[in-house]
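To start, the structure under review is shown below, and the notes come after it.
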């Protein structure tokens, strides 16, 4: 039994990287910022073979934001599917850990409809 959010037998090593760390150690991709004011951070992982792909997969972060576990998952998807994987920092640097006391209110302040239209 594990205290992780994911069962021990689920998808292998990417899910055994802990939440809460933001390290590129061991990651194959890169972090960069986009947008007119360079305020939207994203992680980009490319396929190992050839390094380029005509197809891409966009991953939206959960309440844990851009972190090491997500980097590992993106790297695995890029390698297994042979496509470029881009993970966007949906909450622009804020995470659940910054809002333990007001988590429901914080999450409610980010309705999908409003954020997607901006």
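Numbering (my numbering), first residue to last: 993 to 1110. For every residue, glycine included, the Cβ atom is placed at its ideal position computed from N, Cα and C. Just so we're clear, the structure is a prediction, and the values are computed from it rather than from any experiment.
- With distances taken between CA atoms, residue 1075 lies nearest to 1041 out of 1041, 1091 and 1057.
- With respect to residue 1060, residue 1025 sits apart: the two C-beta atoms are not nearer than 9 Å.
- By the neighbour-count definition (other C-beta atoms within 10 Å, threshold 16), residue 1103 is an exposed residue.
- Leaving aside the five residues that flank residue 1021 on each side, the residues in its chain whose CB is nearer than 8 Å to its CB run, in chain order, 1035, 1036, 1037, 1038, 1063, 1066, 1067, 1070 and 1077.
- Residue 1049 is positioned such that its CB atom lies no closer than 9 Å to that of residue 1081.
- Scanning 1045, 1018 and 1083 for the CA closest to the CA of residue 1072 turns up 1045.
- Non-local beta-carbon contacts of residue 1088 in its own chain, meaning distances under 7 Å to residues more than five positions away in sequence, involve 1055, 1056 and 1095 in chain order.
- Across the set 1017, 1051 and 1084, the C-alpha of 1084 shows the shortest separation from the C-alpha of residue 1030.
- The DSSP-derived three-state label of residue 1037 is strand.
- About 15 Å separates the beta carbon of residue 1019 from that of residue 1053, a gap too long to meet the 8 Å contact definition.
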